[in-house]
Ligand SMILES: Cc1ncc(COP(=O)(O)O)c(C=O)c1O
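In the numbering used here, the protein residues as written are 606 to 1024.
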């Protein structure tokens, strides 16, 4: 891919509180360089398992896809999509409220079986769940999640996904937003103190499995929120499907196989689930009613494509019939092999129940050079730089999957061992 160099904002663009301009000005040219060097921004023309063919004709083994269970080309998923295309074509181009395919209704029922006692609502992305739900929560519109007359205090963990961070300005129209750091209990205590002093209901926003790093202790946050009469809102996009006997995911397992009354759990259908979209689980049907009636992205946005809903519904069946549990075992065997081969290498997430591993490098140049060496050896990773990681550093991210062969993992480990 030939990327033109697009200028970033200058340091003096806009006012001092223009955080987008500040971030743009501080962003180095590493992303552009990585694209130019063929390290990311790939154009894929074909694939066989984890081996991709790129538009330059080269074949590489990828550790990039977040489809941790390899469901996206499973014959059952492909068959479900073909059947739906025959029945409907590709899309019902309308908002979910005006019409939806039968597979959408079925998908939500099946999600209700994966998460017994809860009610699921499917959006076309996780970002759309955030944008549709969080303002309504702050406006006291969701029956199961009342907020105090003083309103909410949104308490956002510093590494929570960018799709929540970017909503700060939107959420500030509902109530103040403050941030805390998971490793610094004092910062969370201070936020809870601020909520108490102002009479506001704290709403803690976190990831389940961090997209670039570790696993969040969601059970502790749930207890903290409960003690302060507040809520915890968990974006478990990377954790969905990868754990639990029915694939309810990391956060659900970490919460003891249930979702407490003060917890809103959000999942992704686009990663390990193998389809596309996002969903939220609520404690009452009346919450879904309010979301369908008033959620901005539900009312004023397109529905998920028919093909996506058909794939999602088939994946949900595979969660319930044990197929997913078997694939989870393959995934954890892959991570165990990787960790064993690289024991002592101090990789991000080593030994954890996350499918993501990372090699943190002290400089952007070091990360770049390592990614070049991997690419030359026919291995693709996801190189990330500021603003995804701290300024001046670089991280090579490796997403492991149930479909990586032991030989592919051994080759990656050998390359990393040599770094
Ligand atoms: C933790 C997390 N949340 C949300 C998103 C956004 O997902 P979507 O594209 O479905 O909006 C991502 C995407 O990478 C993610 O990693």
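Virtual Cβ for every residue (Gly too), placed ideally from N, Cα, C.
Residue i burial status per 10 Å Cβ neighbour count (16 or more: buried)
i	result
residue 703	exposed
residue 1007	buried
residue 777	exposed
residue 848	buried
residue 891	exposed
residue 684	exposed
residue 688	exposed
residue 662	exposed
residue 1015	exposed
residue 1021	buried
residue 980	buried
residue 800	buried
Span of the alpha helix (DSSP H) around residue i
i	result
residue 832	823 to 832
residue 973	969 to 981
residue 693	680 to 693
residue 760	Premise fails: residue 760 lies in the beta strand (DSSP E), 757 to 762, not in any alpha helix (DSSP H).
residue 770	767 to 770
residue 1009	From DSSP, residue 1009 is part of no alpha helix (DSSP H); its letter is neither H nor E.
residue 945	928 to 946
residue 641	635 to 641
residue 718	707 to 719
Close Cβ partners of residue i (< 7 Å) along its chain, the five nearest in sequence each way excluded
i	result
residue 940	960, 1005
residue 904	700, 702
residue 755	803, 804, 805
residue 633	969, 990, 991
residue 607	Low confidence applies here, because residue 607 scores a pLDDT of 49, under 50, leaving its location unreliable; read the following figure in that light. Closer than 7 Å at Cβ, skipping near neighbours: no residue.
residue 1011	942
residue 732	768
residue 910	695, 696
Contact belief for residue i with residue j at Cβ below 8 Å, rounded distance in angstroms
i	j	result
residue 843	residue 671	7 Å
residue 656	residue 666	6 Å
residue 723	residue 888	7 Å
residue 882	residue 913	6 Å
residue 901	residue 774	Wrong, their Cβ atoms sit about 14 Å apart, outside the cutoff.
Endpoints, the beta strand (DSSP E) within which residue i is located
i	result
residue 839	836 to 840
residue 810	806 to 812
residue 965	961 to 966
residue 988	987 to 989
Beta-carbon contacts of residue i that lie in its chain and below 8 Å, excluding the five residues immediately before and after
i	result
residue 735	768, 769, 772, 840, 871
residue 997	968, 969, 991
residue 743	752, 756, 757, 759, 776, 779, 780, 808
residue 861	824
residue 819	953, 954, 957, 959
Neighbourhood of residue i by C-beta, 6 Å cutoff - its chain only, sequence neighbours within 5 removed
i	result
residue 725	713, 716, 717, 884, 886
residue 786	763, 792
residue 810	761, 765, 769, 838
residue 783	760, 796
residue 1000	963, 965, 989, 994
residue 651	658
residue 863	none
8 Å Cβ cutoff, residue i in contact with chain C
i	result
residue 787	Here chain C cannot be found, since the structure has a single protein chain.
Residue i: CB within 7 Å of a non-hydrogen atom of ligand 3
i	result
residue 842	With respect to ligand 3, the structure shown offers nothing to examine, as its ligands consist of ligand 1.
> Does the region 972 to 987 come within contact of the region 938 to 958, defined as at least 3 CB pairs closer than 8 Å?
Replying inline: no
> How about the region 675 to 683 and the region 913 to 929: do they share at least three Cβ pairs that are nearer than 8 Å?
Replying inline: yes
> Are the region 846 to 860 and the region 919 to 927 touching by the rule of at least three beta carbon pairs closer than 8 Å?
Replying inline: yes
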